[in-house]
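To start, the structure itself, in structure tokens.
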Amino acid sequence: MSKNIQSIRGMNDILPEATPAWQYLENTARTLLNRYGYSEIRMPIVEQTDLFSRAVGEVTDIVEKEMYTFADRNDDSLSLRPEGTAGCIRAGIQHGLFHNQQQRLWYTGPMFRHERPQKGRYRQFHQIGVEAFGMAGPDIDAELIAMTARLWKTLGIRNLRLELNTLGTPESRHAYRALLVDYFTAHEAHLDDDSKRRLHTNPLRILDTKNPDLKDIVAGAPSLHDHLDAVSREHFATLRSLLDSMGIAYEVNQRLVRGLDYYTHMVFEWVTDDLGAQSTVCAGGRYDGLVEQLGGKPTPGVGFGMGMERLILLLETQGIAIPVTAPDVFLIMAGKTAIQAGLALAETVRDALPNLRLISNGGEGSFKTQMKRADKSTARFALILGENEVERGEIGLKPLRDGSEQITLSLNQVAQQLAVLLEKTQ
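FYI, the numbering for the sequence shown is 1 to 426, going by the UniProt record's numbering.
This is the structure:
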């Protein structure tokens, strides 16, 4: 007997009982983004590897350790996308969306990173990404953060806090980088292997280390805020003032640097203490040089990504009720004549009531079996059609949830009578 094929570790099936939460999150986000004027864009999940090496950074964990990279039959190096911003920018450059234009874009879909799977962290995970191009000021930064705050409020999510930082301009960061290298070099004997590897390639990432043994060393490091240029200071001060005026609370976290090389000026994270180690549910920042870095004209950009698995886990952890849309009617058909008449009737009713959620019995079965299926479906009513009902031009309607008595409807008036009944029992 052949062995059952299992899913790949860290790449999970989303089963029917789980999909209402996903649909709720997706639909809520889609509606909100549409209200803010964002348009959906859909990109391939496979891109040329060089896109991510150039955008994300060759000395990041993502590129060095986590990407799913392979050579195709033409010996081209391709990778499953580990994040969405690079692909969105590639598409924008390729199709002429950016030059002398403003764009507000969003996307959703799976991303891939070869990490150690654990709760809230998977090898295939799903994100909602939002990107805004052609706007250099902190006003759009503030609006993006306000939009995320509104999403949490709409979803009913609690206990999230906003952490905020500025990474300055590339010029100011370059001077700071030299100070950081000197500082950590003096403590090199106490650094872990990851930090030693980053010391001369990406020293800012040492500030974001999760190693508790390095906490005191990192705390003593020079502060980037002491070495910002005037432009960076003004951008960050204005952003903070805008958030204050909107009543959005935040904490300035000078050690927040994010794991991607392309950020400039503002970076932010929404974090929670309700999910253990996987505390970040939404993160992003500004990346004014990235479009040019990938071959486009200089174009300011800012955006964020939300981890859908973590947000859904947070909804569950906080006991937030997910709206579930149950069927309105389950159609029971007993006998060949009833099946023929019933399927035609179902389509007629659907034509008359486009929003009706009607399930027709499939696979025949006894009346008792079909009643069990109707009950299991969670439908509010069962329509019961047998050979005798067809002859009389009638159909039975039995309430399934409140114990009311079964009534008889005319086959010619089913849609009209159903519409009245459903409206009364909303």
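The C-beta atom is built at its ideal place from N, Cα and C for all residues, glycine as well. Because the structure is a prediction, the values reported are computed rather than measured.
CB contact flag (residue i, residue j, <8 Å)
i	j	result
D328	R380	yes
Y36	L105	no
I322	Y68	no
L313	I93	no
S360	L385	no
F236	I145	no
P170	R9	no
L242	A221	no
A326	F367	no
M11	Q127	no
I332	M371	yes
L400	L409	no
G134	Q101	yes
N159	N253	no
L214	G168	no
G393	L275	no
N191	T28	The sequence shown places Leu at residue 191, not Asn. Result no, Cβ atoms of L191 and T28 do not sit closer than 8 Å.
R173	V218	no
I320	I157	yes
Residue i - containing alpha helix (DSSP H), residue span
i	result
D308	The sequence given here has Met at residue 308, not Asp. First-last of the alpha helix (DSSP H) with M308: M308 to T317.
Q416	V414 to K424
S195	D193 to R198
R286	Where R286 is concerned, there is no enclosing alpha helix (DSSP H), although the beta strand (DSSP E) it sits in stretches over T280 to R286.
Q124	That residue, Q124, is in no alpha helix (DSSP H); its beta strand (DSSP E) goes Q124 to F133.
L151	P138 to L155
residue 428	This structure cannot settle anything about residue 428, because the visible part of the chain is limited to 1 through 426.
L179	P170 to A186
R90	T85 to Q94
E292	L290 to Q293
When the options are compared against residue i, the one with the closest alpha-carbon
i	options	result
M266	V302, L418, Y122 and T408	V302
P44	E26, E83 and D13	E83
L32	A189, K153, D182 and L214	K153
A149	M306, I407 and K376	M306
I339	D194, E389 and Q101	E389
L224	H190, A186, D244 and A178	A178
I395	R401, N412 and I128	N412
G403	R392, N253, A382 and A186	A382
S53	A86, T19 and E40	A86
D50	S279, I41, R42 and V63	V63
M111	G129, H95 and S245	G129
E316	I5, S2, A18 and A230	A18
A142	A91, H187 and S245	S245
A283	A175, E163 and F98	E163
A419	I407, N355 and K376	N355
D216	E234, I407 and Y183	Y183
N-terminal and C-terminal residue of the beta strand (DSSP E) that residue i is part of
i	result
H235	Unbroken run through H235 is the alpha helix (DSSP H), A230 to S245; no beta strand (DSSP E).
P110	Q103 to F112
I407	I407 to S410
Q48	V46 to Q48
I332	V329 to A334
S79	S77 to L80
L15	Note, L15: premise wrong, no beta strand (DSSP E); not H, not E.
E269	T264 to T272
A71	T69 to A71
T166	L160 to T166
Same chain, Cβ closer than 8 Å to residue i, neighbours up to 5 away in sequence not counted
i	result
Q416	A352
D76	Q48
G365	R373
residue 482	Because the chain spans 1 through 426 in this model, residue 482 falls outside it and cannot be assessed.
V281	L160, W270, V271, T272, L275, M306, G307, R310, L311 and L314
V181	L199, H200 and P203
H99	G296, K297 and T299
A175	H227
T209	D192, D194, S195 and V218
S279	V271, T272 and D273
Short CB-CB distance (under 8 Å) between residue i and chain D
i	result
I322	Reference to chain D is not applicable here, since this structure consists of a single protein chain.
Same chain, Cβ closer than 6 Å to residue i, neighbours up to 5 away in sequence not counted
i	result
R205	R198
R113	E66 and P82
D288	T264 and P300
T378	A326
V257	L204, L207 and D208
T238	P138
E251	E163
Contacts around residue i, its chain only, beta-carbon distance under 7 Å, and the 5 residues preceding and following it disregarded
i	result
L290	A55, I89, Y262 and G301
T337	E387 and V390
A341	L385 and V390
P20	I322 and V324
S7	D13
Y107	E40, I41, R42, M43, G84, C88 and G129
Proximity test, residue i beta-carbon vs the ligand COA heavy atom, cut-off 7 Å
i	result
P212	The ligand content of the structure shown is nil, which means the ligand COA is not present either.
Beta strand (DSSP E) segments (min. 3 residues) lying fully within the stretch 346–397: Restricted to the stretch 346–397, the beta strand (DSSP E) segments that are unbroken, complete and at least 3 residues in length are 358–360 and 381–386, listed in chain order.
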